[in-house]
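Protein chains in written order, with the working numbering: chain W, 844 to 1345; chain U, 12 to 235.
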C-alpha cells in the first residue's frame, strides 16, 4: 500500500517536474479568502462554470449524431430522440442545461450587483461578465436555431426581419445572417459554426479570464453598511481583512460551491428525466403555415415587448434600447467604482433590480400565453355558449353564425373562449350602442380591421342584432344620451324646422 | 576611467565585445520590428480573401437572386379567390431540403388582374394566413392583419404585405422571386397599394401611407 502511494507520488512528480502547473494550481485553490465570503450567496458563479462544462460535454455528445444540414437536421434530431439509445436524455440535459444556465447566470449577475462586487478593483471582472451574459444568450439563441424545427425556421425569419430594420446596412446584414437569399442550408451552417466554434471559443477564453481575475483580485468581501470602497485604501484593507479572517478557499469555502453545483446538476438531470427534451416541433417546412412560432423561454419577454411597442417606436426601440442597456451595464463599474457596497445603503440599485425583475417577469408571463395573438382556429373550435343562444330570435341566431363564420372569435372571446387580441364581447351591448357597434364593425379602428367589404347588409344586420343581445351580468343596454336629447329638442316648437333631407 | 589614458589590451577587447554586443542587439531589434512589419503586411494580404469570403453573401447583387418563376396555368386560380401556392426558390443548395420550398398567396381579382403576396408578415416575417370569410390575412405571431388587397388593416405592421412582381406568359402566371422579403429587401417587391376601405373615420386617409402617428390616434378610438 505504501509502495503504491510512493509510486503515485513519483508519477505526479515526474509530470510536475515537466509541467509545473500542480504547485500554482494548489496554491490558487488554497488561497485565503475572508471568512464571511464562505457563503451560500457566493455559489452561483461556480455553478455556472459547472453547467458550462456540462453543456460542453453534452454538446459534443450530441454532435456525434446531429447532422448540421437543412435537409437532415430535423430528421437527425428525431433519430436522436427515438433511435439512439439515451439520445433523448442527452438532448434533454443539453436543453435544460441551457435554461438553467441562463437562469443561474442572471442570478449570479443580480447577486454581484447587489453585493457591489463590480466596484474597484473588480471593474473588468464585471465588464467581462456582461460579455459572458451576452454570449450565454447568444448560445441560447443559436442553440434554438440548431433545433431546426418550425419555431427555429420562423425564429430566423423574425431575426432577419429585425436585422433588416437596421438603417442603411440592414439588407447586407440580412444576407450575412442568412448566408443566402432565403433561410436555408447556408443559414443553418452559419448558426452551427457560431454555436459550436465561435461563441464557445470566446466564451471559454472569457470565462478563464473571469476566473483568473477572481483568484488574482480575491473574491468580493462581504459588504458591510458603511464600509466604503476607496481606490487608495481598498487593496490594503482587503489584504488585512484576509489576513485577519482568512480561510483557505479549498476546502473551507469550496464545499458549499461543490454542494450547490451538485444540486444544480441533479436538478438538470431530474428536469431532463421528467420533462424530456425540447421539441423538435414541426418540420422546418415553410409551406406548412399552420403554425404559431414562439421563441424559447429566455426570449419570450422580447417577443412580448415587440407585440406591445407602437409601430412608430419599434425600430428605434429595437436598436437604441440594447445599445443603451448594454452600454449602461458596461459603464456601471467605471462610473460608480467606489463607495457603498451594501444593498441597504443603495436604494436606487435595489429599486432598479426590483423594477427590471418585475418587468421581465411580467413580459415573460405575457409571452407564455400571448394575448396579442389571434387564435387562428377559435372560429371553428369554440362554440357560442348555449346561454347566448337561448330564447333568441332567428335573426339573432343567424348573427351568431355570422359571428363565428367571419372569424370574429379569433380575436374576441365570448364565455371565456376565443382570442384575446380584442376585448371580450360578453357585455358589449352594455358598452356600445347599436350605431357604435355598426360603425366599429364596418369601419374598424383601434386595433380592429374594417369588415365593410367582408359583410353584406344582411350579415351586418344579423351580426349586430346578435351582438346587441350580449349585455353581460347587468343586462342594461348602452344608450346614446345625446341622441335622446336631439330627439326631444327636435320635437319642441322653438327649434327651427329641420332642412329637408337631401 | 579617464578617457585620455590609453586602454589596456584587456579593456580594449572587453569594450569592442560590448560594442559588438550592443550593435548586435540593436540590429536584432531592428530585424524584429521588420519581421512584425512583414507579418502585418502578410496579415493584411491574408485578410483580403478572408473578409471577401465572409462578406460574400452580402456582396451578391440582388438582381441575380430574383428570377421569373412559373406558378402554373391561370386556370389554377379561380377569379375572386386567394390561394396558397408553393414554389421552389430559384437559388437553393442541394442540402436545403424543405426550406427551399416557399409559399405565397395568389389573389386573382378578375381576368388577368392578379396580386401575389409574400407569406411573410411585414412586421417580423411570420407566415400570414388567409381567411376567405372575413377577407383578411392574419398573422399568428403578433396579430398583424391585412385586407384582401394586402393593405395593412391593423396590428403592429408598419405597411401592407410584400408583393411579388408578376406577369402572365403564355397562359401561365409568373412571379419574380428568389429572396426572402424583409423591410430592407422590400424594393424587390411592388410598392404599397391603395386600400379599398377607409380604415378610419378620417376621409383623407385613403391610402396606407398613413404615418404611424395617425395610426396611433386611431388606436385610441377603441372604447374601453
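The beta carbon of each residue, even a glycine, is placed where N, CA and C say it ideally should be. Since this is a predicted model, take the numbers as computed values, not measurements.
Residue environment, residue i, which counts as buried when at least 16 other CB atoms sit within 10 Å
| i | result |
| --- | --- |
| residue 32 of chain U | exposed |
| residue 1151 of chain W | exposed |
| residue 81 of chain U | exposed |
| residue 1082 of chain W | exposed |
| residue 1229 of chain W | exposed |
| residue 1031 of chain W | buried |
| residue 36 of chain U | exposed |
| residue 1250 of chain W | buried |
| residue 858 of chain W | exposed |
| residue 157 of chain U | buried |
| residue 64 of chain U | exposed |
| residue 1187 of chain W | exposed |
| residue 1040 of chain W | exposed |
| residue 1075 of chain W | exposed |
| residue 39 of chain U | exposed |
| residue 1027 of chain W | buried |
| residue 164 of chain U | buried |
| residue 1212 of chain W | exposed |
| residue 853 of chain W | exposed |
Chain W contact for residue i (CB, 8 Å cutoff)
| i | result |
| --- | --- |
| residue 81 of chain U | no |
| residue 61 of chain U | no |
| residue 84 of chain U | no |
| residue 227 of chain U | Residue confidence is low: residue 227 of chain U scores 37 on pLDDT, short of 50, so the model does not pin down where it sits. No coordinate-derived value is stated. |
| residue 78 of chain U | no |
| residue 19 of chain U | no |
| residue 165 of chain U | yes |
| residue 23 of chain U | no |
| residue 204 of chain U | Legend: pLDDT at residue 204 of chain U = 41, less than 50; position of this residue unreliable, value from coordinates given subsequently. So no, residue 204 of chain U is outside the interface. |
| residue 121 of chain U | no |
| residue 194 of chain U | yes |
| residue 58 of chain U | no |
| residue 27 of chain U | no |
Proximity test, Cβ basis, 8 Å: residue i and chain U
| i | result |
| --- | --- |
| residue 1346 of chain W | The first residue shown for chain W is 844 and the last is 1345, placing residue 1346 of chain W beyond what the model contains. |
| residue 1081 of chain W | no |
| residue 1134 of chain W | yes |
| residue 1019 of chain W | yes |
| residue 1253 of chain W | yes |
| residue 1154 of chain W | yes |
| residue 1090 of chain W | no |
| residue 1149 of chain W | yes |
| residue 1001 of chain W | yes |
| residue 885 of chain W | no |
| residue 1128 of chain W | yes |
| residue 1305 of chain W | no |
Own chain partners of residue i with C-beta closer than 8 Å, once the 5 adjacent residues on each side are dropped
| i | result |
| --- | --- |
| residue 1290 of chain W | 1264 and 1265 |
| residue 1058 of chain W | 871 and 874 |
| residue 1037 of chain W | 981 and 985 |
| residue 855 of chain W | 865 |
| residue 90 of chain U | 119, 120, 121 and 122 |
Close-in-space but distant-in-sequence residues of the same chain around residue i (CB under 7 Å, 5 per side omitted)
| i | result |
| --- | --- |
| residue 126 of chain U | 118, 120, 160, 161 and 174 |
| residue 979 of chain W | 944, 945 and 948 |
| residue 1119 of chain W | 931 and 935 |
Proximal residues to residue i (C-beta, below 6 Å), its chain only, five neighbours per side dropped
| i | result |
| --- | --- |
| residue 1092 of chain W | 874 and 876 |
| residue 804 of chain W | Chain W is shown from 844 up to 1345; residue 804 of chain W falls before or after that span and cannot be answered. |
| residue 1258 of chain W | 1228 |
Cβ-heavy atom distance, residue i to the ligand SAM, below 7 Å
| i | result |
| --- | --- |
| residue 887 of chain W | The model depicted lacks the ligand SAM and carries no ligand whatsoever. |
- Message: Can you pull out the residues from the stretch 169-182 of chain U whose beta carbon lies closer than 7 Å to at least one beta carbon of chain W?
- Response: 169
- Looking at chain W, which residues of the stretch 86-107 of chain U have a Cβ within less than 9 Å of any of its Cβ atoms? 95, 97, 100, 101, 102, 103, 104, 105, 106 and 107
- Message: Please identify, using Cβ separations under 9 Å, the residues of the stretch 38-52 of chain U that lie next to chain W, in order along the chain.
- Response: none
- Query: What are the residues of the stretch 123-157 of chain U that lie near chain W, defined by any Cβ-Cβ distance shorter than 9 Å?
  - Reply: With the criterion set as a beta carbon lying under 9 Å from some beta carbon of chain W, the members of the stretch 123-157 of chain U are 130, 131, 132, 133, 134, 135, 136, 137, 138, 139, 140, 142, 144, 145, 146, 147, 149, 150, 151, 152, 153, 154, 156 and 157, in sequence order.
- Query: Which residues, in chain order, does the stretch 1024-1058 of chain W contribute to contact with chain U at a C-beta distance below 7 Å?
  - Reply: 1024, 1025, 1026, 1027, 1028 and 1029
- Any contact of the stretch 1134-1149 of chain W with the stretch 953-970 of chain W, i.e. 3+ C-beta pairs under 8 Å? The way I'd put it, the stretch 1134-1149 of chain W doesn't touch the stretch 953-970 of chain W; fewer than three beta-carbon pairs between them come closer than 8 Å.
- Task: Mind the definition here: the stretch 184-192 of chain U touches the stretch 1285-1304 of chain W only if three or more C-beta pairs lie below 8 Å; say whether that holds.
- Result: no
- Going along the chain, which residues of the stretch 1193-1224 of chain W sit with their C-beta nearer than 7 Å to a C-beta in chain U? Within the stretch 1193-1224 of chain W, the qualifying residues are 1215, 1216, 1217 and 1219.
- Query: Is there contact here, the stretch 1163-1181 of chain W with the stretch 1228-1245 of chain W, by at least three beta-carbon pairs under 8 Å?
  - Reply: no
- Against chain U: residues of the stretch 1255-1283 of chain W by CB proximity under 9 Å: 1262, 1264, 1265, 1266, 1274, 1275, 1279, 1282 and 1283
- Is there contact between the stretch 987-999 of chain W and the stretch 907-921 of chain W, where contact requires at least three CB pairs shorter than 8 Å? yes
- Near-chain U residues of the stretch 983-1007 of chain W (beta-carbon distance less than 9 Å), N- to C-terminal order: 991, 996, 997, 999, 1000, 1001, 1002, 1003, 1004, 1005, 1006 and 1007
- Task: Using a Cβ-Cβ cut-off of less than 7 Å, give me the residues of the stretch 919-936 of chain W that come near chain U, in sequence order.
- Result: none
- Query: Okay, do the stretch 1156-1173 of chain W and the stretch 1002-1021 of chain W touch, 3+ Cβ pairs below 8 Å being the bar?
  - Reply: yes
- Task: Anything in the stretch 851-879 of chain W with a Cβ closer than 8 Å to a Cβ of chain U? List those residues in chain order, please.
- Result: none
- Would you check if the stretch 126-142 of chain U and the stretch 107-115 of chain U touch, i.e. whether three or more CB-CB distances between them fall below 8 Å? yes
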